[in-house]
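One structure below.
Residue numbers (this note's numbering): 2 to 158.
Right, dumping it as structure tokens:
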């Protein structure tokens, strides 16, 4: 091998080694690679005007009859049962669906009872993931305090 070929081979090896090194270093610079997106959920329960529970085995409504619909899709992601109070809480993931603040959410409590929820969701773009915050919740036009434990007040007929 001539001196020119040896020099050329060394340059190619050095270039290849540099490229391989960059391939291992660059993915380590991705700040979002190991980032776990937080869950953006809110939950609510359904009570009457005296704050008595309405959903559960000892109450008028079956948890499987409760749906929160937007654009025809049920957005309740979980029905959480409390064995002590024998009641249910309903969970909605704000980031799990296309959220448009102008779309009404229809709360179906029973097949003949449909009410309207309006959710105002603030979306903040982040470096790794967008953040969602529920900023307002209206039930049939009445604002619900979301700083406390959100409850949906339903008048029993």
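For every residue, glycine included, the Cβ atom is placed at its ideal position computed from N, Cα and C.
Exercise for the section: Check whether the Cβ atoms of residue 107 and residue 55 sit closer than 9 Å, and answer yes or no. Expected result: The count along the chain shown starts at 1 and reaches residue 107 at position 106. The count along the chain shown starts at 1 and reaches residue 55 at position 54. No.
Exercise for the section: Could you give the DSSP three-state label for residue 14: helix, strand or coil? Expected result: For the purposes of this step, residue 14 is taken as residue 13 along the chain shown, with counting starting at 1. Of the three classes helix, strand and coil, the one that applies to residue 14 here is helix, per DSSP.
Problem - Alpha-carbon to alpha-carbon, residue 124 and residue 109 - result: Translated into positions along the chain shown, residue 109 becomes position 108. Translated into positions along the chain shown, residue 124 becomes position 123. Answer to the nearest angstrom: the Cα atoms are 26 Å apart.
Handout entry: Completely contained beta strand (DSSP E) runs for the segment 38 to 62, where each covers 3 or more residues
Key = 42 to 48
Practice task
Locate the beta strand (DSSP E) running through residue 69, then write down its first and last residues.
Solution key: Taking the chain shown and counting its residues from 1, the one referred to as residue 69 is at position 68. Run containing residue 69: 68 to 71, per the beta strand (DSSP E) assignment.
Handout entry: residue 115 versus residue 133: straight-line alpha-carbon distance, rounded
Key = Your numbering for residue 115 matches position 114 in the chain shown. Your numbering for residue 133 matches position 132 in the chain shown. Roughly 26 Å separates the two Cα atoms.
Exercise for the section: Check whether the Cβ atoms of residue 87 and residue 61 sit closer than 9 Å, and answer yes or no. Expected result: Residue numbering aside, residue 87 sits at position 86 when the chain shown is read from its first letter. Residue numbering aside, residue 61 sits at position 60 when the chain shown is read from its first letter. No, the pair does not count as a contact, with Cβ atoms beyond the cut-off.
Handout entry: residue 158 versus residue 122 - alpha carbon distance
Key = On the chain shown, residue 158 is found 157 positions in, with the first residue counted as 1. On the chain shown, residue 122 is found 121 positions in, with the first residue counted as 1. In this predicted model, residue 158 has a pLDDT of only 43, less than 50, meaning its place in the structure is not dependable; the value taken from the coordinates is given anyway. The straight-line gap from Cα to Cα measures roughly 31 Å.
Problem - Same chain, Cβ closer than 8 Å to residue 78, five either side skipped, listed in chain order - result: As a working note, residue 78 is residue 77 in the chain shown. Excluding sequence neighbours, residue 78 sits near 42, 92, 93, 94, 97.
Problem - residue 90 classed as buried or exposed, judged by whether at least 16 other C-beta atoms fall within 10 angstroms - result: For the purposes of this step, residue 90 is taken as the residue at position 89 of the chain shown. Buried is the call here.
Problem - Residue interval of the beta strand (DSSP E) (run including residue 86) - result: Looking up residue 86 in the chain shown gives position 85. Premise fails: residue 86 is in no beta strand (DSSP E) and is neither H nor E.
Practice task
For residue 105, collect the residues of the same chain with a Cβ closer than 8 Å to its Cβ; drop the 5 residues on either side in sequence, then sort them by chain order.
Solution key: Within the chain shown, residue 105 is the residue found at index 104, counting from 1. So the qualifying residues of the chain are 71, 117, 118, 119.
Handout entry: Beta-bridge partners of residue 134, as assigned by DSSP
Key = In the chain shown, the residue the question calls residue 134 occupies position 133. DSSP, once it has assigned bridges, lists 123 as partnering residue 134.
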